[in-house]
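Enquirer: Here it is, the structure in full.
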Amino acid sequence: MFDAYRDIDLDDDPIIVPTCGHFLTISSMDGHVQLREHYEVENDVFVAPKDPEFILDSKQTQMRCPECRMSLRNLDRYGRVARRGLLIESTLKFITSSNREYQPLFDDLIRQAERFEETREMCKSQPVDMVISPENSMDINKLKSIVQCFDTRYLKLKQVYRRIQEYKHSVRVREQPFQRVKELVQVARRRSLTKGEFSFDQSILQTRAHTLAWALLRRCELIFYSDLLALYRNALTGGLNISIDFSASREDCENLAERAAEGDHVLQQVEAYLFWARFAALELGFVDEE
Ligand SMILES: [Zn+2]
């Protein structure tokens, strides 16, 4: 990189000139953009593409002229490096935006839980018969008639619940940049538009936001059921048919714990076990009194 140009045989190592005009020899520029990380090399010749080691680092997304910092992404020779940089950049944006969207959902949920606590004593509705089963327990929107007898009490909670469901969908693995490109390539292969393949280290896929959203849904249901069952307990004067089965919710907590462990999300794993216990306690507590 530091040889004088008069000492370089340009037939052997020609120069490459980006649009900014600050030229380097090809070997220097290849080293600058770390091209060897992206191709197999035999006898100093690039022979086949390879997957570089995955590091989620914004520095990896920067391909800039060493003199003036102008982007080198439009150089065809480094298209593979540039495209990977763009994917890493998109993944970093995905992580930032999913973190940003999570906190308001969590805060809104806690606000609803506090409101339920504060207003429980004053709630005067007359509950209707209640059947909570594996078929309806994991979607509070399916408990329409039960929810309706409390008029507007659960309106805001249902809105937060819907937003968490949408958030969970938006951060799932299939929505992530690397996976989306992989699926686009698979579609193109099926249509014989390419013979290329797109593979990547699966650890690139971000599972934390999805696990967080998953846990938040169960937390939301627990806030709802804790309040609902407390109101029923206060109103129990006989004559109500009540059946509660949280087995589907507990099974889902077990799945969540397993998935969290796979992704090394220890906090969510512990949370899943706590949720499991709370579902069991709610169910048992109610059955015992019957
Ligand atoms: Zn330059």
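Counting in this note's numbering, the sequence shown runs from 6 upward without gaps. For glycine and all other residues, C-beta sits at the position ideal for the given N, C-alpha and C. The structure displayed is predicted, hence computed values, not measured ones.
How would you call tyrosine 159, buried or exposed, if buried means at least 16 neighbouring beta carbons within 10 angstroms?
Expert: Its Cβ being crowded by 16 or more others within 10 Å, tyrosine 159 is buried.
Enquirer: Within the structure, which residues are defined as neighbours of ligand 1 by a Cβ-heavy atom distance below 7 Å, reported in chain order?
Expert: In chain order, the qualifying residues are Pro23, Cys25, Gly26, His27, Cys70, Glu72, Cys73 and Met75.
Enquirer: Tell me the rounded alpha-carbon separation between aspartate 206 and alanine 266.
Expert: So the two alpha carbons sit approximately 19 Å from each other.
Enquirer: Would you say leucine 110 and valine 165 are within 9 Å of each other, going by their C-beta atoms?
Expert: Yes, they are a contact pair.
Enquirer: Starting from the C-beta of alanine 235, find all residues in its chain whose C-beta is less than 7 Å away, skip the five residues before and the five after it, and write them out in chain order.
Expert: If we look at alanine 235 and ignore the five residues flanking it on each side, its Cβ neighbours are Arg125.
Enquirer: Using only the alpha-carbon positions, how far apart do serine 130 and glutamine 170 sit?
Expert: Cα to Cα, the separation comes out at about 28 Å.
Enquirer: Do the stretch 97-113 and the stretch 185-196 meet, that is, are 3 or more Cβ pairs less than 8 Å apart?
Expert: Counting Cβ pairs under 8 Å, fewer than three are found: no touch.
Enquirer: Closest to isoleucine 137 by C-alpha separation, out of His43, Asp56, Tyr172 and Phe251, would be which residue?
Expert: For isoleucine 137, the nearest C-alpha among the options comes from Phe251.
Enquirer: Can you list, in chain order, the stretches of the beta strand (DSSP E) that have 3 or more residues and sit fully within the stretch 172-221?
Expert: Runs of the beta strand (DSSP E) inside the stretch 172-221: none found.
Enquirer: Pull up the CB-CB distance for serine 254 and arginine 223, whole angstroms please, since I reckon it's below 8 Å.
Expert: Confirmed, about 7 Å.
Enquirer: Look at the alpha carbon of threonine 199 and the alpha carbon of leucine 97, and state the distance between them as a whole number of angstroms.
Expert: Answer to the nearest angstrom: the Cα atoms are 28 Å apart.
Enquirer: Can cysteine 70 and histidine 27 be called in contact, C-beta distance under 9 Å?
Expert: Contact: yes.
Enquirer: Count the other CB atoms within 10 Å of the CB of histidine 270; is the residue buried (16 or more) or exposed (fewer)?
Expert: Per the 10 Å Cβ criterion, buried.
Enquirer: Measure the Cβ-Cβ separation of methionine 75 and threonine 24 and say whether it is below 9 Å.
Expert: Against a cut-off of 9 Å, the Cβ pair of threonine 24 and methionine 75 comes out as a contact.
Enquirer: Can you tell me the Cα-Cα spacing of leucine 40 and arginine 185, whole angstroms?
Expert: Taking the straight line joining both Cα atoms gives about 24 Å.
Enquirer: Starting from the C-beta of serine 248, find all residues in its chain whose C-beta is less than 6 Å away, skip the five residues before and the five after it, and write them out in chain order.
Expert: Only Val136 meet the Cβ criterion.
Enquirer: Can you say whether glutamine 108 is buried or exposed, counting buried as having 16 or more other CB atoms within 10 angstroms of its CB?
Expert: It counts as exposed.
Enquirer: Who are the Cβ neighbours of phenylalanine 183 in its own chain at under 8 Å, not counting the five residues just before and after it?
Expert: Excluding positions up to five away in sequence, the list reads Leu92, Thr96, Phe205, Ile209 and Leu210.
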